Amino acid sequence: MFSYQNSNRGSNSLYFNNTTAQSDASNLPVLYRMSNRKYSEQQTRYGLHSKLDYRLSNNHSLQWYNAYMDFANAQVRDIRSIDLSIGYNPSAGDYNLSYDTRFRWTHQTIFNSTLDGRHTFADDKLTLNWSAVYSKAFNEIPDNASVYTGTTMRSGVENPVSVTTLGGALRCWEHNSDEDMAGYLHFSYLLNRVEVSTGTLYRDKQRSNFFNQYDFRPYEESKKLSKFIII
């Protein structure tokens, strides 16, 4: 069986950052930033499922199940923030603005393969069930970039936008995986209308994780670059 889904969606939200008043003992909430957020994303999903049954004889049968699922998400987030605490004079059209633009792509996969066996012996008195299971989940964010800019609004006119001096851009690379292998073995024997059973289990689980982040700052011509001499 195969299934596929592709969807596009967007959303808007208005968020206010707040704190408590520091100038008096009222402890009233004070708003210091208003952020208008816009999201636009595309989601792609598909899955594959298959199952195979095979009967060797009346006493022996096998089942094999496989599943693969893939999920991808591409998102762009834009945030326009107004500083409500410093230089905020809405009647004159004066306030400080900041922009935060993030581009992020997320990819996730899940794979599972399960082989089951059922066997009966001694006129169906002895039953053997076993399973071999392999699963792996993988998550990666190969592209996660943010750009921070700022400007001022004076008399209702927005000045040119410039990249933030400290931490003007951020880029992250990350991925992690979870791998699981398991084996199950179960015996049962019918003895004078009483069933005696025993079993065993083996499992091996491995996890890995990777994260790398870079902060980029705009070049300032007023600052001289360090000189390195390689001998």
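Here our numbering is used: the first residue of the sequence shown is 1492, the next is one more, and so on.
Idealized CB from N, CA, C, for every residue including glycine.
Predicted model only: the values in this text are computed from it and were never measured.
- request: For Q1697, I'd like the list of residues in its chain whose CB is within less than 6 Å of its CB, leaving aside the five on either flank, ordered along the chain.
  value: E1670
- request: Please classify M1644: is it buried, with 16 or more other beta-carbons within 10 angstroms of its beta-carbon, or exposed?
  value: buried
query: Going along the chain, which residues of its own chain have a beta-carbon closer than 7 Å to the beta-carbon of D1706, five neighbours each way excluded?
result: G1658 and L1661
- prompt: For the candidate residues T1618, W1596 and Y1590, whose alpha-carbon lies nearest to that of S1526?
  reply: Y1590
Span of the beta strand (DSSP E) around S1604: Y1586 to F1612
Beta-carbon gap between L1575 and T1642 smaller than 8 Å: no
task: Verify whether the separation of the beta carbon atoms of N1508 and P1520 is less than 8 Å.
output: no
field: Outcome for Y1639 when other beta-carbon atoms lying within 10 angstroms are tallied against a minimum of 16
entry: buried
task: May I have the straight-line CA-CA distance separating R1708 from T1592, to the nearest angstrom?
output: 15 Å
query: Does DSSP put G1538 in a helix, in a strand, or in coil?
result: strand
task: Hey, could you find the ends of the beta strand (DSSP E) N1635 is sitting in?
output: L1617 to R1645
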